[in-house]
Amino acid sequence: MSKVVIITGASRGIGREIAKKLAIKGYKVVANYNKSENEINNLKKELNEQGIDIECIQGDVSKREDTKKIINFTLSKFNKIDILINNAGIYQFKEFTQISDNDWDYMINTNLNSVFYMTQEACKDMIKNKNGCIINMSSIWGLVGSSCEVHYSVSKAGIDAMTKALAKELGPSNIRVNSIAPGIIDTDMNKELNSEDLKNIKEEIPLDRIGKVEDIEKCVEWLIEDKYTTGQIISINGGWVI
Ligand code: NAP
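FYI, the numbering for the sequence shown is 7 to 248, going by the working numbering.
Next comes the structure, spelled out in structure tokens:
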């Protein structure tokens, strides 16, 4: 049977591209979304027109109960989980002194606790099967920190620490755990940047362009197929952070 993959935050941006390409490659895709129902329906329709199907499931991954729902849905459909891609995430630009307790909790719950919940729920099945691949979407800001993005940077650094620790714990169960740490990728997450901002950022990037969702998706495909990489933070950033 084809490999079963769950992708969180698959309605838009990087997650959408991953879901689309893996479905086209023949994986059984469970695409999670939270608010963007129209977008996920459009993705399903686009794939259906090519004779390909995906399963879509609503769930707020910052909530333990919703992550259980996503895992149970997947097991009821396919009876196993081979790959988990913890991609869902939010971003906020705010001076440190202006970050409220609510801002902090919302960020940590959505970006970091979600990875704890989803991974803990999914890895029970992976441990039983002695097989699994977990890919966490981190960020360069988890590696080097970003001004006015302290809570975002902390959430991503937490993901990277979880990746390394879990790789050690789950390696003997034949489960690989890695992070991808993108630089700047052209998605809705950066829609507030104007052309001047983008020009300035581009000037700092040795490969002289903003990243595309395909740049990240290719790394995901490689990490799924590879057999000997675990506990790594792979940064795809055009040379912005070296
Ligand atoms: P995006 O275009 O803003 O899409 C975010 C996705 O996450 C959407 O599908 C959204 O679903 C989902 N999501 C948000 N909160 C959720 C929740 N509570 N439960 C379930 N799904 C939720 O963002 P993106 O650029 O593709 O980013 C994807 C990942 O890459 C994020 O983790 C981000 O931090 C990371 N990243 C992005 C960049 C970049 O420059 N774009 C750089 C570094 C790292 P709904 O719309 O359905 O709510």
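Glycine included, each C-beta is placed from N, C-alpha and C at the ideal position.
Quantities reported herein were computed from a predicted structural model and do not represent experimental measurements.
Straight-line Cα distance separating K162 from N145: As a working mapping, residue 145 is identified with position 139 in the sequence shown. As a working mapping, residue 162 is identified with position 156 in the sequence shown. Looking at the sequence shown, residue 145 is not Asn but Ser. One C-alpha to the other measures close to 6 Å.
Rounded Cβ spacing between L172 and M124 (contact assumed at less than 8 Å): Looking up residue 172 in the sequence shown gives position 166. Looking up residue 124 in the sequence shown gives position 118. Going by Cβ atoms, the distance from L172 to M124 rounds to 12 Å, so no, they are not a contact pair.
Heavy atom of the ligand NAP within 7 Å of N38 beta-carbon: For the purposes of this step, residue 38 is taken as residue 32 along the sequence shown, with counting starting at 1. Yes.
Top-ranked residue by Cα proximity to W246, from K100, S201, N54, I191: Within the sequence shown, the letter at position 240 stands for residue 246. The closest CA to that of W246, considering only K100, S201, N54, I191, is found on I191.
First and last residue of the uninterrupted beta strand (DSSP E) at Q126: Taking the sequence shown and counting its residues from 1, one reaches residue 126 at position 120. Looking at the DSSP string, Q126 is not in any beta strand (DSSP E); the run it does join, the alpha helix (DSSP H), is 120 to 135.
Rounded separation between T73 and V67 - CA only: Against the sequence shown, residue 73 aligns to sequence position 67. Against the sequence shown, residue 67 aligns to sequence position 61. Distance between the alpha carbons of T73 and V67: 6 Å.
Residue burial classification, Y33 (beta-carbon count within 10 angstroms, cutoff 16): Taking the sequence shown and counting its residues from 1, one reaches residue 33 at position 27. With 16 or more Cβ atoms within 10 Å of its Cβ, Y33 is classed as buried.
CB of I216 within 8 Å of CB of I242, strictly: The count along the sequence shown starts at 1 and reaches residue 216 at position 210. The count along the sequence shown starts at 1 and reaches residue 242 at position 236. No.
Heavy atom of the ligand NAP within 7 Å of V67 beta-carbon: Locating residue 67 in the sequence shown gives position 61, counting from the first residue. Result yes, Cβ under 7 Å from the ligand NAP.
Pick from L49, A94, I46, K51 that is closest to K69, judged by C-alpha positions: Position 63 of the sequence shown holds residue 69. When only C-alpha atoms are compared, the closest one is A94.
Given 8 Å, three or more beta-carbon pairs between the segment 53 to 63 and the segment 23 to 41: Output reads yes: the segment 23 to 41 touches the segment 53 to 63.
Continuous alpha helix (DSSP H) stretch holding M7: start and end: By 1-based counting over the sequence shown, the position of residue 7 is 1. Per DSSP, M7 belongs to no alpha helix (DSSP H) and is neither H nor E.
Option in I13, G189, T193, T235 with minimal Cα separation from D214: Taking the first residue of the sequence shown as position 1, residue 214 is located at position 208. When each option's Cα is compared against that of D214, the closest is G189.
N-terminal and C-terminal residue of the beta strand (DSSP E) that L199 is part of: Here residue 199 is taken as the residue at index 193 of the sequence shown, counted from 1. Neither: L199 is in no beta strand (DSSP E) and is coded neither H nor E.
First through last residue of the beta strand (DSSP E) which encompasses N92: Counting from one through the sequence shown, the residue named residue 92 turns up at place 86. Counting along the chain, N92 sits inside the beta strand (DSSP E) bounded by residues 89 to 92.
Span of the beta strand (DSSP E), counted from its first residue to its last, around E175: On the sequence shown, position 169 is the one that residue 175 refers to. No beta strand (DSSP E) contains E175, which is instead part of the alpha helix (DSSP H) from 156 to 176.
CA-to-CA distance, I13 to I30, given in whole angstroms: Counting from one through the sequence shown, the residue named residue 30 turns up at place 24. Counting from one through the sequence shown, the residue named residue 13 turns up at place 7. Taking the straight line from one Cα to the other gives about 14 Å.
Reduced DSSP category for G138 - H, G, I as helix; E, B as strand; rest coil: Translated into positions along the sequence shown, residue 138 becomes position 132. Strand.
For K224 and A23, the rounded distance between their alpha carbons: As a position in the sequence shown, residue 23 is number 17, starting the count at 1. As a position in the sequence shown, residue 224 is number 218, starting the count at 1. At residue 23 the sequence reads Glu, which differs from the Ala that was named. Straight through space, the alpha carbons of K224 and E23 are spaced by roughly 10 Å.
6 Å CB neighbourhood of I76 in its chain, flanking five on each side removed: In the sequence shown, residue 76 corresponds to position 70, counting from 1. Closer than 6 Å at Cβ, skipping near neighbours: N38, I63, G65.
heavy atom of the ligand NAP below 7 Å from I191 C-beta: The residue given as residue 191 occupies position 185 in the sequence shown. Because some heavy atom of the ligand NAP lies under 7 Å away, the Cβ of I191 counts as near it: yes.
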